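Under the UniProt record's numbering, think of the first position of the sequence shown as 1, with each following residue one higher.
By construction, the Cβ of each residue, glycine as well, lies at the ideal position given by its N, Cα and C atoms.
Note that the structure is predicted; figures quoted are calculated from it, not measured.
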Amino acid sequence: MDVAPTFGSKKFLCPHCRVVAQQTWFDVRQAAKSANTIISHVFYEYRGTVADWEQKAIAQFIRQVNDANDRHMLDFVPPGFSVATCSSCDKFTLWVEGKLVFPPNIPVAPPNSDMDEDIQSLYLEAASIVGDSPRGATALLRLGLQLLLKQLGKSGKNINSDIKELVSDGLSPKIQQALDLLRVVGNNSVHPGQIDMNDGREIALKLFHVLNFIADEMISKPKELELLYSEVVPDETKQHINERDGNGS
């Protein structure tokens, strides 16, 4: 099921809290209705304090105010303006003419924080346009992959050659497949025709996960393991391990 923020949808992935939650919509129609309800409640309390002969005049006044609200609310609430409030975080999304304008819709998980900042920036830029231009987002992710390979110590000039070097270094087959998946689909975004991109948005959304997966497997997990090893294994034991493996002085 597509849970991306969609105009009028009663439930979608909130771009604020990243939870699929119920949404309460408010636009010019709801504005007029809310104003009328408030006025009716105020005068309902007031009407209990006045004489019976005044009730008809008050009821007529309420009808006139309601009619005026319905006719003139556009003077206060712009046409095409809508707000959806998230039931999970109580924050709102702003829509104009059916398009999300606030906050910028990032329909994917955040970029892996261990990637270099320029790669993370490309990732976020791709996420900001994936809805309107899946092909453009895919091209940016391909560039992100190129920079990621450079971060991993490769040239970053030729993705295919860099992957070949990593395979020669003993790269895991599943990571090789992830690298080639992003490379091949990314190439297609630059040189269309090799892959059917009719479902381009869904393919592009999956590629964000692929880039994060590569960074997680190649950078984050080894980093976490190295940190844990350095903190937990005693120095004397590390020396014995180095001597065992022929790395001792």
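Pick from 93, 238, 161, 180: whose alpha carbon is nearest that of residue 16? 93
For residue 37, the three-state DSSP class (helix, strand or coil): DSSP, read as helix, strand or coil, puts residue 37 in helix.
Which one of 116, 137, 183 has the shortest CA to CA distance from residue 158? 183
With DSSP as the reference, label residue 161 as helix, strand or coil. helix
Roughly how far, in whole angstroms, is the beta-carbon of residue 205 from the beta-carbon of residue 144, given that I think they are within contact range, below 8 Å? That pair is no contact at about 15 Å.
Nearest-angstrom Cα distance between residue 4 and residue 232? 43 Å
Taking residue 94 as part of the beta strand (DSSP E), name the residues at either end of that continuous run. 92-96
Would the segment 112-119 and the segment 219-232 be scored as touching if the rule is three or more Cβ pairs under 8 Å? By the Cβ criterion, the segment 112-119 is in contact with the segment 219-232, since at least three pairs of Cβ atoms, one from each stretch, lie closer than 8 Å.
Between which two residues does the beta strand (DSSP E) carrying residue 82 extend? 81-86
Three-state secondary structure assigned by DSSP to residue 99: strand
If residue 87 sits next to residue 26, beta carbons under 8 Å apart, how far is it from one beta carbon to the other, in whole angstroms? Not quite, the Cβ-Cβ distance comes to about 13 Å (not below 8 Å), so this is no contact.
Report the option in 242, 134, 84, 235 whose CA atom is closest to the CA atom of residue 201. 134
Can you check which of these residues, 118, 150, 151, is closest to residue 140 by C-alpha distance? 118
Residue burial classification, residue 123 (beta-carbon count within 10 angstroms, cutoff 16): buried
Since residue 148 and residue 214 are thought to touch, with beta carbons under 8 Å apart, how far apart are those beta carbons, to the nearest angstrom? 7 Å
Using beta-carbon positions only, say whether residue 137 and residue 126 come within less than 7 Å of one another. yes
Nearest by alpha-carbon distance to residue 30: which of 14, 79, 155 is it? 79
Just list the beta strand (DSSP E) runs in the segment 120-191, keeping only unbroken ones of 3 residues or longer that don't cross its boundaries, in chain order. none
Suppose contacts are defined by Cβ-Cβ distances below 7 Å. Is residue 174 in contact with residue 165 by that definition? no
Where residue 24 sits in the DSSP three-state scheme: The DSSP-derived three-state label of residue 24 is strand.
According to DSSP, is residue 11 helix, strand or coil? strand
So, residue 95 versus residue 12, is the Cβ gap smaller than 7 Å? no
Leaving out the 5 sequence neighbours to the left and right, which residues in its chain are closer than 6 Å to residue 129 when beta-carbon positions are compared? 136, 137
Would you report the Cα separation of residue 245 and residue 224, rounded to the nearest angstrom? 22 Å
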